[in-house]
Structure formats: C-alpha cells, structure tokens
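To convert, count from 1 in the first sequence and add 21; that's our numbering. C-beta atoms are modelled at their ideal positions from N, C-alpha and C, and glycine is treated no differently. These notes concern the structure reproduced below.
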Amino acid sequence: MPPTAEQNILRVTAMIPRGCVTTYGRVAELAGYFGAARQVGWVLHRQDPANTTIPWHRVVNATGAISMSAGRNGSDWIQRELLLGEGIPVDRSGRLPLRTYLWTPDPLQVFQALADG
DNA sequence: AAAGTGACTGTTA
DNA sequence: TTAACAGCCACTT
C-alpha cells in the first residue's frame, strides 16, 4: 500500500525540530502536495491536541501567525503556550517572527525520510 | 451531485 | 499594516 497523503503530511510534521516552526503550505510541498495547504490544516485539525508525539503546534500560517479560530475550541491558545514553552516569542495575536524560527530542511533528507517509511 | 466549510495562500487595493 | 478576494484541496451535507 502506498502511503496516504495524511501519513506523508504527518511524517513531515514529525520532522520539525523543537524550537522551530514551518507553514501549512511548506509542509504540503515537502510532503509532495504543492498547493494543498488547506488539507494540511485539516489533517492537523483532527489530531488530539494532547498528543505531542506529533508536533502539530509547530505549524503556523504563511503570515507567521497561529491560525486562530473559534472552531478550534482553544487548541489555538494551547498551541501558543507550547510554542512559548519552546522559546518562541508569540504575541497575544498569535504572531511570531517566522523568518527567525523557520525550519529549512534539506529537501533530499525529507524525501528519503518519506521513502523509508 | 451541487453547495458549503475550514488550523490556507498569494495578489491586490 | 490590514482587509477583501479569488483560488486552492478534501470532506461533509
């Protein structure tokens, strides 16, 4: 069975180092689904916020902010706390210095990680 | 099966 | 710096 899009998305997310962040769009691109940023958001949306095995909190939007939404039932604020806990300054609007903390992996390394399964 | 929805984005004003 | 908009993908009605 070939890996599902969800599996690839979660694998890439799992590679984000502590203290770093990346965007929905970049995760999609690295996982092999350029342009599918919304799908990444949807996949992460249904993760259990309490499960930090997958660092879902290290994914923010392209404007460099946590995507705040009433539908998240507070997981957006949990995300803020988790990021603060990793040393990333997040203001009350959920905005953070994206350029400074952006994860820039070697694409080949990501490719191989996905291939290995 | 068409229409609505959302943890998205790049462009434009 | 915002904000509105049109595209975007997959899922749900």
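Rounded to whole angstroms, what's the CA-CA distance from A136 to C41? Just pull it up for me.
Mapped onto the first sequence, residue 136 falls at position 115. Mapped onto the first sequence, residue 41 falls at position 20. So the two alpha carbons sit approximately 23 Å from each other.
Check for me: the alpha helix (DSSP H) holding Q60 runs from which residue to which?
Against the first sequence, residue 60 aligns to sequence position 39. Start and end: A58 to H66.
Short Cβ contact (9 Å threshold) for D97 with I109:
What you label residue 97 is simply residue 76 of the first sequence in a count that begins at 1. What you label residue 109 is simply residue 88 of the first sequence in a count that begins at 1. Not closer than 9 Å, so no.
Delimiting residues of the alpha helix (DSSP H) encompassing P128:
Here residue 128 refers to the residue found at position 107 of the first sequence. Here the alpha helix (DSSP H) through P128 covers P128 to D137.
For R93, which residues in the same chain have their Cβ closer than 8 Å to its Cβ, ignoring the five residues on either side in sequence?
In the first sequence, residue 93 corresponds to position 72, counting from 1. Around R93: H66.
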